[in-house]
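A quick write-up on the structure given underneath.
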Amino acid sequence: MATENSVKKSDFRLKDFLKSTLFLVILLIGGLAGLYYTFGAVIPPGYMAVRQITFGPGQGFSRKGLGPGYHWTIPFYSKIHLIPSTIQVLNFHYGQAGYGEPGPLEIKTSDGADVSVDITVLSRFYQKPSEEKGKEHGGPADLITNVGASEERWKNQIVGVASDELKQGLSSLLTGEFYNPHKREEALRLAYSRMNERLKAFGISIEAVLLRRYIYRDPRIDDAIFNKNLQDQEKNLKEVSGQLAEAQAKLEREAAEWDAKNATLKVEGENQSRILRSEGALLQAQAEAEADLRVAKAQAEVDRLKAHALSQSVGAGVYVARETAPIIESLKGGIVSGVDPYDLKIWAEKLGVDRK
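Under UniProt numbering, the first residue of the sequence shown carries the number 1, and numbering increases by one thereafter.
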């Protein structure tokens, strides 16, 4: 029994030790986590931050924004203000007033027409003061110091400046010029430039201004401009059709001229070919005739030289007589007197064979 009691007491002591150790570990982790979040702050992705020192020598805002991650902070001595680092979208859109977005821009044209315009403004906040395209701009500290530390104030600042500059730029257009994309873009570029001039000191950059839709309050204006544009397009269509017909006629004339030139060149080529072939045949015949003549002359010369050689050799008379015997045998008629028919020497002399 004593042994069992001692074992049970040992188990109880071990369990108490483990519980105490686990409690201390949890307490230590909780303390570290508390210190971590008390003396630091986490900046999430898509944001930057400005550290504010509330009192002391370094009182004020940090000039450069802090990137995402963990950053130190001391309670009552410093604060961390989050600022979006991504593109901010502001929509001036019909039907959105009262839902966190301004309504459409109401523009009065220079000739008195009312136009509702839907526009999107894209903006972002600079991470630090610097110089861009030769012009200085502010940073996040300027934004918080001059505008405020809340997103609502930043948005209201952009809305106010954008509304003023866009109205001023677009109201310079005539009613019909809203249909002209070049005129619209020129007015928007001017407003875009002025917006950046006014907002850069606060560390705000306007990235783009996009005009999505415009509606004339008086539908008759839409109809009149549509009809006018339709007439202009029909006029342009007629002009283009006339130019097209003229171009087609010119093309046909050019094609006919070139066809005639090609036919003429073909006939000239065929005639030239015939002439060249005739000249070639003539040259070939002349060459063949000259060759035949040379061969005949050469053969005659060979025969002459052969005859001369034979006439100078011993027994030439016998050879000539033998060669001429068949000829004499074929002779019919005539009288040869005083010649021994079997004396070849006399026959050779009678036939004029010179024996030297």
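The beta carbon of each residue, even a glycine, is placed where N, CA and C say it ideally should be.
Contact between residue 214 and residue 117 holds, with the beta-carbon distance rounding to 5 Å and staying under 8 Å. Taking a contact as a CB-CB distance under 8 Å, the pair residue 49 and residue 80 counts as one, their CB atoms being some 5 Å apart. Here the alpha carbons of residue 121 and residue 162 stand approximately 8 Å from one another. Taking C-beta atoms under 8 Å as the contact rule, residue 202 and residue 147 qualify, at a distance of about 5 Å. Residue pairing of residue 118 in beta bridges, as defined by DSSP: 213. CA-to-CA, the gap between residue 181 and residue 85 works out to about 32 Å. For residue 179, the three-state secondary structure derived from DSSP is helix. About 7 Å separates the CB atoms of residue 204 and residue 143; that is less than 8 Å, so the two are in contact. Looking at the DSSP output, residue 70 bridges to 42. Exposed is the label assigned to residue 308, since fewer than 16 other Cβ atoms lie within 10 Å of its Cβ.
Per the C-alpha coordinates, the member of 26, 66 and 55 positioned closest to residue 41 is 66.
Minimum Cα-Cα distance from residue 131 among the listed residues 185, 257 and 197 corresponds to 197. In this structure, the beta-carbon distance from residue 217 to residue 114 falls below 8 Å. DSSP places residue 82 in the strand class (E or B) of the three-state scheme.
Residue 229 has no beta-bridge partner at all, per DSSP. Residue 53: member of the beta strand (DSSP E) spanning 47-53, first to last residue. Annotated three-state conformation of residue 136 is strand, per DSSP. It is roughly 9 Å from the alpha-carbon of residue 74 to the alpha-carbon of residue 53. Secondary structure at residue 124: strand, using DSSP grouped into helix, strand and coil.
The C-beta distance from residue 187 to residue 172 rounds to 6 Å, short enough to fall under 8 Å. Per DSSP, residue 87 is not a residue of any beta strand (DSSP E), being assigned neither H nor E.
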